[in-house]
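**Q**
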Amino acid sequence: MSHLKQILFILILSMAYLSSAQEIRISGRVITSLQDPIYFANMVLLNQNDSTLVNGTSTNEDGTFEFESLHSGNYILQTSYIGYSSYSKPLSITKDTELSDIVLKINTQELQGVEVSMDRPVLEKKAGKLVFHVENTSLSSLSSYEILQQTPGVLTMGDAISIKNSKTTVYINNRRVYLDDPELKSFLQSYSGSNVSDIEIILNPSAKYDADSGYILNIHTNKNVSVGYKGSLEGTYKQGVFSKYGLGTNHYYKNNFLDIYAGYTINQQKWYKEDQGYIQFFDGQQMDDYWEWDMYKTSKYTSHHLNTIFDFTLDQRNFLSLTTNVSFQPNQQIDNDVQTRNYNSTKDYIGGNNAIGDLENENTNIALNATFTREINDRSTLSLQTNYVYYHDASTQGLNTSFFDANDDFYQANFLETDADQQNTIFTVQGDYSIDMREESMLEFGAKFATIDSESEMLYIGEYVPINASDDRFSYQEDNLSLYVNYSKDWDIWSIQAGLRGESTNTSGVSQTLGEINGQDYLELFPNVGIQHQLNENHLLGVYYKRGINRPRYQSLNPYRYYVNEYNFISGNPNLTRAIENRVGLEYTYSGNFIFDLYYQHIKGDLNRFSFQDNENKFLYNAYFNAEEFYQYSLDFTHYRYLTKNWFVSLYSSAYYYNIGFEAIESPKKVQNLDTFGFFGQLNNWITLSKDRTWRATVNLEYLTGFYFGNYYLNNRFKTSIGLRKTIWDGRGEFNLNLADVFNSVNVPLSIDYQNQNNWYSARPETRVLTLSFKYKFGNYNLKDNQRDLEIKEQQRLEEQEQL
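Residue numbers for the sequence shown follow my numbering, beginning at 85 and rising by one.
This is the structure in C-alpha cells:
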C-alpha cells in the first residue's frame, strides 16, 4: 500500500506540474523602426534542442501576438515578414512572459520576382540624408515635379527648386540633371511619378559629388529584379483656367543578358498668368513718375519626351549601359498683353501704353550616356562613363507698343522684333573606383573631365531698338578637370565620412559688343567632413562641414533679352563669375525621428537674380548678378511618425535669419544689405482609407514667411494640396485625383523698397489645378524595371531665363 501511495503522490505532483506548465503564455508585439505595428507577421516557436516546431501564429492588426498552453523550457522565437529582415531570439521560459517589442528592419535586398505591395515608411532618416519613400503611396500618381513640391524641406519658388534657401541640384539614379530651372520644371512635370521609388534629400554630399552641387535631390526610379515583359499606358487631364492633357506609355523587357526600356510621353499644355504691379521712379531723392500695369499672359506648348535604356550583363562582373534621353518642345507660344498707366509725381494721369507681345520658342535637348561597370572582386568596383549633351534653343519675339496721352488719344507706335539663338554642347568623361575595406569602411576616388561650348546671339531685326540695347554674339568655352577621394567608416558608436575634391577650371567668354570678358583660370579645393556619435540608443549627435562652389549657368551668361514690354525686360549677364560657399552645422537626432539641424551658411559672390529700376531712363530690368555675400543662420526641425497604423505624418520646419549684401547698381549707396527673420513649415499627411489598402489620400500644408527672392521680399505664403488614389483590378488599374493649392493662396505679392528702388508686383499664375489620371499596367506588371533618365552634370547649368 505504501508503494501505491508513493506512486499516486508522484502522479498527482506530475499532473499538477504539467497543469501548471500548460498555463504558461508568451506575448509581445512586432513593430517597424518607426513604431508602426506590423500586421500578419509570421511567428514561429521552435524547440531549442532539436529545432522542431512547437507552435506558430501571426500578429494581429495592432502587431500583437500570443502563444498559449506552453511548457516551461528553452525555445527559439522566429519572426518574419515580406520586405523585412527575419528576427530570431532564444527564450528560456518558466512563467508567463511578455516580451519587449520586436523591431523588424527593412530588407534592402529585393526579393526575386516579387513586388512588395505594402506601404513602406514614407520618411526615413539615414546618415547625412533623408529618404522620402514614394512608391506605393498616393503621391506616385503625380508628376515628379509635384512630388518634389510635397517632399519635406523642399521649397519651389517660380521655376526654382531649393532646400534650406540654397542652391539645389537634381539627380536621377545618382546622375545629375543638366537642365536650366524652367526646362527642368517642364521635364519633371512630364516625368510620371509612378516611376519614382524614393527621393533622397542629401544635406551633406560627399566629395564624390560635383563641388557645385549644393544640396542634392536624388530621385530613384524602379529597379529590375526578374525576367519578363511589362508595359503601361497612362493618361492625365488637368483643369485650371485652361485644360491640359498628357499621354504616356512605357515598355520594358528583361532576360538574363539584356534589359530594354523605352518610354514616351506627350504633353499638351496651356497656362494662364495674370500680373499687377507698379514702379515708383525717383529724381534724386524726390519721387518722380509713378507707373502701374496689368499683364495678361497665355503660354501654350506641346512637349515630347523619349527615353531608351539598354542594359547589358556581359558576364557576372561586367555590365554596360547605353541611355538616350530626348526632349523636344517644337512650338511654345507666349502671348502677352501689358497695359501701363503713367502718373506724374503728384499722381496726375499723364498717359500710358499698351504692349502686345508674342514669343515663339523651339527647344531641343539630347543627352547620350554610356557607362561600363566592372566588379573587380567582391570588394572593389570600377565605373567608366561618358556623356554627350546637345542643347538648342531658338526664339523670336515681336512686341507692338501703342502710346496714349493724358486724354487716352493714340499718338505713337513702336514695333520691336528680336531673334535669339543658343546652342550648347557638353562632353564629359569620368572614372570612379570604390574599395570595400571591410570593418565597415569604404574608400572611393575618381576623376572627371568636362568641356562645354556655348554659342548664343541676340539680334534686333526691326528698325526700332530700345535704349541701351544692341546686337550681340557671345561665345563661351569652359574646361573642368576634377579629382576626388572620399573615405567613410562606421564603428559601434562612431561614424565618419571625409573627402577632398579638387577642381581646375578654365573659362573664356567673348562678346561681339564687349570684347573678351570673363576669362578665368583657377584651382579650388573642396573639403567635406561629417562625424556622428551614437550617445545611446535614442541619442545621435553629428557635426559636418562642407566647402563648395556655385558656377553661373550658361543661359545666364548670354546676352539674350526677353521683353515683358519696352520698359521691363529679363537679360543675361556675361560678367558672372563663381561663388564660394562654406557651410557648417550641428545635427541632433532623438529616437530616430526627431531631427534638429543648427547650421551656418556663407556664400561669397552668391549668384542670385536681382531686379533694378533705372530711374533716369525709366525702365526695370532683371538678371543674375554676383552678390557681395550671403549668409544665414538656421534651426531646422524634422519629425515623422505613424499616428495610427493607417495615418503617417511628417513635419518639417525651418526658422532662419537671412542676410544678403549686393551692389546696388542704380542707387547712390553702392552696397545694400537686406535681411529678414523667416519661417518655413510643411505638414504632410498620408492616409490609407480602406482595409484592402486600395483607397489612399494625401493632405499637404505649407507656410512660408519672411523670404527674399533675390532682392524681392515675399511675406506670408500658404499652400494646401489634397489627393485621392484608388487601385482596381488587383493593382493593374489606378485612378488618381489631386487638387493643388486648394484655396488659391500660394500667389502673393513681392516688393522692393530700399534707397531709390520702389516697385511691387503680384504674379498670379495657375496654381489651383485639378488633376485626374488613369494608369493601366499590362504584362508582368509586378516586374521592377530599369527605368531611369539620363542627366549629366553640366546640363544643369543650361538655364533658361525665368520669366516674370
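Quick reminder that beta carbons are idealized off the backbone N, C-alpha and C, glycines included.
Nothing here was measured: the structure is a model prediction, and the numbers come from that model.
Could you tell me if Y568 is buried or exposed, where buried requires 16 or more neighbouring beta carbons within 10 angstroms of its beta carbon?
**A** The residue labelled residue 568 in the question sits at position 484 within the sequence shown. Buried, because 16 or more other Cβ atoms sit within 10 Å of the Cβ of Y568.
**Q** Keeping to the same chain, check which residues put their C-beta closer than 6 angstroms to that of E786; ignore five residues upstream and five downstream.
**A** For the purposes of this step, residue 786 is taken as the residue at position 702 of the sequence shown. Result list for E786: Q766 and K803, in chain order.
**Q** Are the CB atoms of S540 and N642 within a distance shorter than 9 angstroms?
**A** Taking the first residue of the sequence shown as 1, we reach residue 642 at position 558. Taking the first residue of the sequence shown as 1, we reach residue 540 at position 456. In contact: N642 and S540 (Cβ atoms closer than 9 angstroms).
**Q** Quick one: give me the first and last residue of the beta strand (DSSP E) that E600 is part of.
**A** To locate residue 600, count along the sequence shown from 1; it is residue 516. Per DSSP, E600 belongs to the beta strand (DSSP E) from G599 to Q618.
**Q** Please classify R637: is it buried, with 16 or more other beta-carbons within 10 angstroms of its beta-carbon, or exposed?
**A** Taking the first residue of the sequence shown as position 1, residue 637 is located at position 553. Answer is buried; the Cβ neighbour count reaches 16.
**Q** Runs of 3 residues minimum, wholly inside the region 331-414: which ones carry the beta strand (DSSP E) assignment?
**A** 342-367 and 370-397
**Q** Would you tell me roughly how many angstroms separate the C-alpha atoms of G324 and D185, rounded to the nearest one?
**A** What you label residue 324 is simply residue 240 of the sequence shown in a count that begins at 1. What you label residue 185 is simply residue 101 of the sequence shown in a count that begins at 1. Taking the straight line joining both Cα atoms gives about 49 angstroms.
**Q** Could you compute how far the alpha carbon of E199 sits from the alpha carbon of Y336?
**A** On the sequence shown, position 115 is the one that residue 199 refers to. On the sequence shown, position 252 is the one that residue 336 refers to. For E199, the pLDDT reaches just 38, beneath the cut-off of 50, and the residue's location in the model is therefore unreliable, leaving the point undetermined.
**Q** Note down the Cα distance separating L130 from E621, rounded to an integer number of angstroms.
**A** Taking the sequence shown and counting its residues from 1, the one referred to as residue 130 is at position 46. Taking the sequence shown and counting its residues from 1, the one referred to as residue 621 is at position 537. Looking at the two C-alpha atoms, the distance is approximately 30 angstroms.
**Q** Which residues in the same chain as Y674 place their Cβ atom closer than 7 angstroms to its Cβ, once the five residues preceding and following it in sequence are excluded?
**A** In the sequence shown, counting from the first residue as 1, residue 674 sits at position 590. Closer than 7 angstroms at Cβ, skipping near neighbours: N622 and H623.
**Q** Can you give me the start and stop residues for the beta strand (DSSP E) that L854 sits inside?
**A** On the sequence shown, residue 854 is found 770 positions in, with the first residue counted as 1. Start and end: V853 to G863.
**Q** In the structure shown, what three-state DSSP assignment does Y229 receive?
**A** Numbered from its first residue, the sequence shown carries residue 229 at position 145. DSSP places Y229 in helix when its eight states are reduced to three.
**Q** Where does L773 fall in DSSP's three states?
**A** Position 689 of the sequence shown, counted from the start, is the residue given in the question as residue 773. In the structure shown, L773 sits in coil (DSSP, three-state: anything other than H, G, I, E or B).
**Q** According to DSSP, is Q30 part of a helix, a strand, or is it coil?
**A** Here the chain comprises residues numbered 85 to 888, so residue 30 is not present and cannot be evaluated.
**Q** Quick one: is the Cβ of N831 within less than 8 angstroms of any heavy atom of the ligand MG?
**A** Of ligands this structure carries none, so the ligand MG is not represented either.
**Q** What are the start and end residues of the alpha helix (DSSP H) that includes Y638?
**A** As a position in the sequence shown, residue 638 is number 554, starting the count at 1. From DSSP, the alpha helix (DSSP H) with Y638 extends over Y638 to L641.
**Q** Here's the rule I'm using: 16 or more other beta-carbon atoms within 10 Å means buried, otherwise exposed. How should D837 be labelled?
**A** Counted from its first residue, the sequence shown places residue 837 at position 753. Label assigned to D837: exposed.
**Q** Should D575 be labelled buried (16 or more other beta-carbon atoms within 10 Å of its own) or exposed?
**A** Translated into the one-based positions of the sequence shown, residue 575 becomes position 491. Inspection of the sequence shows that residue 575 is occupied by Trp rather than by Asp. W575 should be labelled exposed.
**Q** So who's on the other strand from T141, going by DSSP bridges?
**A** Within the sequence shown, numbered from 1, the residue matching residue 141 stands at position 57. Paired residue(s): M127.
**Q** Going by DSSP, what residue range makes up the beta strand (DSSP E) through Q119?
**A** Here residue 119 corresponds to residue number 35 of the sequence shown, with the count starting at 1. That residue, Q119, is in no beta strand (DSSP E); it is neither H nor E in DSSP.
**Q** Per DSSP, D146 forms a beta bridge with which residues?
**A** For this step, residue 146 is matched to residue 62 along the sequence shown. DSSP output for D146 lists no bridge partner at all.
**Q** Determine contact between the region 452-464 and the region 486-495, defined as no fewer than three beta-carbon pairs at a distance below 8 angstroms.
**A** no
**Q** Taking Cβ to Cβ, would you say F761 is nearer than 9 angstroms to L788?
**A** Taking the first residue of the sequence shown as 1, we reach residue 761 at position 677. Taking the first residue of the sequence shown as 1, we reach residue 788 at position 704. Taking a C-beta distance under 9 angstroms as the contact criterion, F761 and L788 do not qualify as a contact pair.
**Q** Bridge partners for P849 per DSSP, in chain order?
**A** Position 765 of the sequence shown, counted from the start, is the residue given in the question as residue 849. In the DSSP output, where bridge partners are listed per residue, P849 has K357.
**Q** Hey, could you find the ends of the beta strand (DSSP E) A924 is sitting in?
**A** What the structure shows of the chain is the stretch from 85 to 888, and residue 924 is not part of that stretch, so it cannot be assessed.
**Q** Can you tell which of T148, N820 and R801 has its C-alpha closest to the C-alpha of K810?
**A** Indexing the sequence shown from 1 puts residue 810 at position 726. Considering only alpha carbons, the answer is N820.
**Q** Among residues of its own chain, excluding the 5 on either side of I812, which ones have a beta-carbon nearer than 6 angstroms to its beta-carbon?
**A** For the purposes of this step, residue 812 is taken as residue 728 along the sequence shown, with counting starting at 1. Counting only Cβ-Cβ distances below 6 angstroms, and skipping sequence neighbours, we find nothing.
**Q** Give the DSSP-derived three-state secondary structure of L272 in the structure shown.
**A** Taking the sequence shown and counting its residues from 1, the one referred to as residue 272 is at position 188. Helix, per DSSP.
**Q** Using only the alpha-carbon positions, how far apart do Q369 and T349 sit?
**A** As a first step, residue 369 must be located in the sequence shown, where it is residue number 285. As a first step, residue 349 must be located in the sequence shown, where it is residue number 265. Rounded to the nearest angstrom, the two C-alpha atoms are 55 angstroms apart.
**Q** How about H388 and N409: do their beta carbons lie closer than 9 angstroms?
**A** Numbered from its first residue, the sequence shown carries residue 388 at position 304. Numbered from its first residue, the sequence shown carries residue 409 at position 325. No. Outside cutoff.
**Q** Is the number of C-beta pairs between the region 581-596 and the region 556-566 that are closer than 8 angstroms three or more?
**A** yes
**Q** Tell me, please, whether the region 513-529 touches the region 649-656 by the rule of three or more beta-carbon pairs shorter than 8 angstroms.
**A** no
**Q** Is the beta carbon of R631 sitting closer than 9 angstroms to the one on F793?
**A** Reading the sequence shown from its first residue, position 547 is the one you call residue 631. Reading the sequence shown from its first residue, position 709 is the one you call residue 793. Taking 9 angstroms as the Cβ cut-off, R631 and F793 do not qualify as a contacting pair.
**Q** Output needed for K322: all residues of its chain with C-beta closer than 6 angstroms, excluding positions within five of it in sequence on either side, in chain order.
**A** In the sequence shown, counting from the first residue as 1, residue 322 sits at position 238. Taken in chain order, the residues that qualify are K328, V853 and T855.
**Q** Have a look at V613 and L735 and give me their C-alpha separation to the nearest angstrom.
**A** Position 529 of the sequence shown, counted from the first residue, corresponds to residue 613. Position 651 of the sequence shown, counted from the first residue, corresponds to residue 735. Their backbone Cα atoms lie some 27 angstroms apart in a straight line.
**Q** Comparing C-alpha positions only, which one of E650, K573, L287 and Y165 sits nearest to V215?
**A** Reading the sequence shown from its first residue, position 131 is the one you call residue 215. It is L287 whose Cα lies nearest to the Cα of V215.
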